[in-house]
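Counting in the numbering used here, the sequence shown runs from 43 upward without gaps. Backbone N, C-alpha and C fix where the C-beta goes; we use that ideal spot for every residue, glycine too. Being a predicted model, the structure only gives us computed values, none of them experimental.
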Amino acid sequence: MVLIANPIYDSVFKYMMEDERVAKIMLSALLQKEIIKLEMRPHEYTGVTQRKISMMRIDFAATIRNDDGSEQLILIELQKTWLVTETLRFRQYLGSQYICKKNIPDEDVNPNGYGLPIVSIYILGHKLGDLQEPVVYVRRRYLDYNSKPIETGVPDPFIESLTHDSIIIQIPYLNGKVRNRLERLLQVFDQSYCLKSNEHVMEIDESGMELEEKLVVDRLIRAFVAPEVRRDMEVEDEILSEIESRDTTIMMKNRVIEQKDKAIEQKDKAIEQKDKAIEQKDKELNQKDDMIINMIRLFKKQGMTDEEISKELDMSLAELLKLSK
């Protein structure tokens with residue numbers, strides 16, 4: 043058993059993927075293709091910041107060998123998060139990569155100006171709906187009107203530059219699964235191996251591991267003893283704690299506002315009901331006045347004086363004169 047740094051943390055994940063050998067091993071296993079050449083793009087989208095603490099992004103340009111032996115240059119969008127609310131950010135980031143000029147090869151090899159094919163990889167610290175597989179592949183197919191596969195002229199560079207394949211890893215479903223090469227490599231993300239006393243550290247059994255698995259584990263062992271990585275993990279915890287505290291405060295305030303809104307709504311309903319009652323009462327009074335006025339007219343036609351009518355209707359002379367007007 044060996045102790046390794048937990049790659050769910052951005053600082054550890056970045057440290058791990060900055061090793062070209064380790065990055066090649068992980069990405070080739072995910073792509074299920076041999077990576078001939080791998081280049082990590084500049085880090086303008088990586089790092090620990092208060093706004094992007096929950097999402098880590100790293101771009102790679104990779105030359106891969108296809109099944110037919112041909113070589114192809116592709117762009118790999120690797121993104122990691124443990125929060126459920128990041129879908130919009132994923133879309134925004136992917137959109138920015140589609141329009142990025144750096145992702146368009148030079149004219150000598152790309153006369154039509156097509157963008158590099160993109161493969162997006164999402165490492166999620168949460169579950170997706172009802173999907174229970176730890177690794178999900180979403181791949182495109184070229185089909186005709188009758189849903190039959192198109193064989194001639196594919197892959198087309200125009201289509202490849204506008205659509206992309208995706209690979210989604212659901213960390214919670216790893217949970218001890220080591221059924222294939224990829225899952226054996228991904229076990230370093232399995233949070234069930236975390237020490238109960240310290241989530242920064244995982245305990246992995248390296249007995250029986252193959253060479254490439256040991257290379258990944260060795261890199262994470264070095265991350266575990268690197269002071270700057272350990273310090274960055276502590277910073278991430280502090281920032282995440284602040285974010286959780288802020289979100290809790292916002293949630294509580296929203297709950298208070300919601301309760302006040304309900305109270306105001308109930309008060310408005312009570313006022314509305316009171317207004318309706320007053321309106322109904324006014325209507326009834328108006329109907330009563332109309333009836334009395336009609337009676338006064340009838341009595342006057344019979345020649346009765348105002349004094350006689352007021353006595354008959356049991357009302358003051360002033361009230362009678364007011365209604366008569």
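Secondary structure at Pro159: coil, using DSSP grouped into helix, strand and coil. Check the Cα spacing between Tyr51 and each of Ser352, Glu241, Glu314 and Leu253: the tightest is with Glu241. Residue pairing from DSSP places Lys122 in a beta bridge opposite Met98 and Ile165. The distance from the Cβ of Ser366 to that of Leu359 is about 10 Å, inconsistent with a contact at the 8 Å cut-off. Boundaries of the alpha helix (DSSP H) around Val54: Asp52 to Met59.
Here Ile163 is not near Leu257, since their CB atoms are 8 Å or more apart. Of the other Cβ atoms in all chains shown, fewer than 16 fall within 10 Å of the Cβ of His168; this residue is therefore exposed.
Per DSSP, reduced to three states, the secondary structure at Ala65 is helical. In the DSSP assignment, Glu350 falls outside any beta strand (DSSP E) and lies within the alpha helix (DSSP H) extending over Asp348 to Leu355. A Cβ-Cβ separation of about 18 Å leaves Ile46 out of contact with Ile211 under the 8 Å criterion. Under the three-state reduction of DSSP output, Tyr179 falls in the strand class. Counting only residues of its own chain and dropping the five nearest sequence neighbours on each side, Glu62 has a CB closer than 7 Å to the CB of Leu80.
Rounded to the nearest whole angstrom, the CA to CA distance from Leu228 to Ile281 is 26 Å.
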